[in-house]
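Visitor: Below you will find the structure I want to go over with you.
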Amino acid sequence: MAIDFSNTEIAFKSKDNSALRKAYWLFRMVGSPRLVNFGKWAINFSFKLRLPIKWLVKKTIFSQFCGGETIEECSDAIAKLKKSSVGTILDYSLEGKESNEDLDATTNELIQTIERAKTDPFIPFSVFKPSGICKFSVLEKANTSTDHLNESEMKDYGMFVERMNKICKKAHESNVPVFVDAEDSWIQDSIDRMCEVMMWKYNKEKAIVYTTIQLYRWDRLDYLEKLYEKAKRDQIKIGVKLVRGAYMEKERERAKEMGYKDPIQPNKEATDRDYNEALKFCVDRLDVFAICAGSHNEDSANVLVDLMEQKQLDKKDDRLYFAQLLGMSDHISFNLSSYGYNVAKYMPYGPVKEVMPYLIRRAQENTSVSGQTSRELSLLQKERKRRKTTA
Ligand SMILES: Cc1cc2nc3c(=O)[nH]c(=O)nc-3n(C[C@H](O)[C@H](O)[C@H](O)COP(=O)(O)OP(=O)(O)OC[C@H]3O[C@@H](n4cnc5c(N)ncnc54)[C@H](O)[C@@H]3O)c2cc1C
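So our numbering is basically just the index in the sequence shown, starting at one, shifted up by 1.
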């Protein structure tokens, strides 16, 4: 039975009237590309001039899409989700750090997220971006092979391996599975290589390390199949977060500029087809796979629901999870969880200024161009109307 995601009473249960109003106005504002572009410029400019705008950002866009500035500050947001049986994935959202001190500090913070998760069944996973613990240029140069790294790059690469091992080892000891986010294709081979090393080390009994597969790439189903064959042969469990992929424009532009074959599918239909195919491939092979469907697409959520029903799989099977981002697609998260499925939200956190690139991306993704806003807006509007008529 397909889930009807239009029940806004369930979707927005955790929002009181004022929170609902705030979300509505926020999505109206980010619906305008001109306003988003101006806001991006104004915020960056104000931060550069050290104008005191942090409180404004924190009360508006930050509170919609982030849990807090620290793990401690996320407690309220975690508790709110928990009330609807929705889990949290603490996502320390610092980007663009390049010094080894900063990369070490991020690694230590990630260890703290695992510590926090260890004590709370409603924080089922931890997560990190490899570019948050390694210099981007080193990941890029190592993409094809590490053979041509110079001495200093080799040292940096070694530190990346150590940091990644530290996080995965901690995840393994704490029994808190860890997602490794997928990034640009020109660093993704470096990431895949390390993910495989970690999975082969820590996923002997269960999936602790989860790799991420971006199905907007035309070569990923093939990679998934090969990964399965190797894992089956070596009796390794594969944790896999299935996503469509977040960097399409950048990927296409770079391929065009540098004159290599576009790594992205020819159209949205092909991405959707491979995404749903990947879900099926993994659900058919749960002897090896544990899956997290990271998506805001209602059809794909229902594809996984259908597959689980066909196979009579337990909704609480911990090899099967749905995940969305905090502040987005609550109608999917809360409706799925009301039917008893495992659901968790990525909860980005970090100092306001540091998470600005993440927030600007969310705002851009939610402009009227992408169509996401109209969906969020109409759901918020529907719920506001419903509350007025039932009050
Ligand atoms: C919990 C979670 C974790 C995530 N982790 C990652 C991650 O680690 N790495 C990452 O890259 N992304 C990640 N994402 C983002 C994700 O990849 C998507 O960008 C986002 O979720 C939108 O896709 P969707 O599945 O929700 O569905 P939809 O909104 O139906 O699909 C939009 C997506 O389809 C694809 N698409 C759109 N137009 C075309 C076209 N013309 N041709 C080909 N493809 C097209 C693009 O990938 C686009 O983002 C994550 C998302 C979530 C919810």
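Glycine included, every Cβ here is placed at the ideal spot set by N, Cα and C. Since the structure is predicted, the reported quantities are computational estimates derived from the model, not experimental observations.
Excluding the 5 residues flanking Arg221 on each side, which residues of the same chain have their C-beta closer than 8 Å to its C-beta?
Guide: Only Ile214, Gln215, Asp275 and Ala279 meet the Cβ criterion.
Visitor: I'd like the ranges of any alpha helix (DSSP H) spanning at least 4 consecutive residues and lying wholly in the region 229-283.
Guide: Unbroken alpha helix (DSSP H) stretches of 4 residues or longer found wholly inside the region 229-283: 249-259, given in chain order.
Visitor: Alpha carbons only, please: which of Trp26, Gln65, Trp42 and Ile44 is nearest the one belonging to Asp331?
Guide: Gln65
Visitor: Run the CB neighbour count on His149, radius 10 Å, all protein chains shown included, and call it buried at 16 or more, exposed below.
Guide: exposed
Visitor: For Tyr158 versus Val139, is the C-beta spacing smaller than 7 Å?
Guide: yes
Visitor: If contacts are defined as beta-carbon pairs under 8 Å, then Val402 and Ile239 qualify, I think. What distance do you get, rounded to the angstrom?
Guide: For the chain, the structure presents residues 2 to 392; residue 402 sits outside this window and is missing.
Visitor: Count the other CB atoms within 10 Å of the CB of Gln266; is the residue buried (16 or more) or exposed (fewer)?
Guide: buried
Visitor: Taking Cβ positions, are Val128 and Ala364 nearer each other than 7 Å?
Guide: no
Visitor: When DSSP labels each residue in this structure, what does Glu290 get in the three-state scheme?
Guide: Reading off the sequence, residue 290 comes out as Phe, not Glu. Phe290 falls in the strand class under three-state DSSP.
Visitor: With C-beta atoms as the reference, is Glu384 less than 7 Å away from Thr9?
Guide: yes
Visitor: Quick check on DSSP: helix, strand or coil for Gln313?
Guide: coil
Visitor: Give me the Cα-Cα distance between Arg22 and Phe28, rounded to the nearest whole angstrom.
Guide: 10 Å
Visitor: Look at the alpha carbon of Ser7 and the alpha carbon of Glu377, and state the distance between them as a whole number of angstroms.
Guide: If you take the alpha carbons of Ser7 and Glu377, they lie about 11 Å apart.
Visitor: Please classify Pro131 as buried or exposed, where buried requires at least 16 neighbouring CB atoms within 10 angstroms.
Guide: Pro131 should be labelled buried.
Visitor: Can you tell which of Ile11, Met329 and Asp193 has the C-alpha that lies nearest to the C-alpha of Thr145?
Guide: The residue with the shortest Cα to Cα distance from Thr145 is Asp193.
Visitor: Pick from Lys41, Met195, Ser186 and Met309: whose alpha carbon is nearest that of Met249?
Guide: Ser186
Visitor: Residue range of the alpha helix (DSSP H) that Tyr203 falls in?
Guide: Ser186 to Tyr203
Visitor: Within the present structure, is the beta-carbon of Leu150 separated from the nearest heavy atom of ligand 1 by less than 6 Å?
Guide: no
Visitor: Express the C-alpha separation of Thr61 and Arg387 in angstroms, rounding to a whole number.
Guide: 24 Å
Visitor: Would you kindly check if the distance between the Cβ of Leu327 and the Cβ of Lys354 is under 7 Å?
Guide: no
Visitor: Who pairs with Ala43 in a beta bridge, going by DSSP?
Guide: According to DSSP, Ala43 bridges with nothing at all.
Visitor: Is the closest heavy atom of ligand 1 to the C-beta of Thr213 under 6 Å?
Guide: yes
Visitor: What residue range does the alpha helix (DSSP H) around Tyr350 cover?
Guide: That residue, Tyr350, is in no alpha helix (DSSP H); its beta strand (DSSP E) goes Val344 to Tyr350.
Visitor: Evaluate Thr212 with the Cβ neighbour count: other Cβ atoms within 10 Å of its Cβ, from every protein chain shown; 16 or more gives buried, anything less gives exposed.
Guide: Buried: at least 16 other Cβ atoms inside 10 Å.
Visitor: Using only CA atoms, which one of Ser375, Thr391, Ala183 and Glu152 lies nearest to Tyr25?
Guide: Ser375
Visitor: At 4 residues or longer, and completely inside the region 62-143: list those alpha helix (DSSP H) runs for me, N to C.
Guide: If only uninterrupted alpha helix (DSSP H) runs of at least 4 residues are considered, those enclosed by the region 62-143 are 76-84, 101-119 and 137-142.
Visitor: Could you spell out the range, first to last residue, of the alpha helix (DSSP H) harbouring Ala12?
Guide: Thr9 to Ala12
Visitor: Taking the Cβ atom as the reference point for each residue, do Ser85 and Ser338 lie within a distance shorter than 7 Å?
Guide: yes
Visitor: Quick one: is the Cβ of Ser296 within less than 6 Å of any heavy atom of ligand 1?
Guide: yes
Visitor: Nearer than 6 Å: is that true of the beta carbon of Asn268 relative to any heavy atom of ligand 1?
Guide: yes
Visitor: Can you tell me whether Ile209 is helix, strand or coil according to DSSP?
Guide: coil
Visitor: Contact between the region 307-318 and the region 255-266 is defined here as three or more beta-carbon pairs at a separation below 8 Å; is this criterion met?
Guide: Three or more Cβ pairs closer than 8 Å define a contact, and the region 307-318 falls short of that threshold against the region 255-266.
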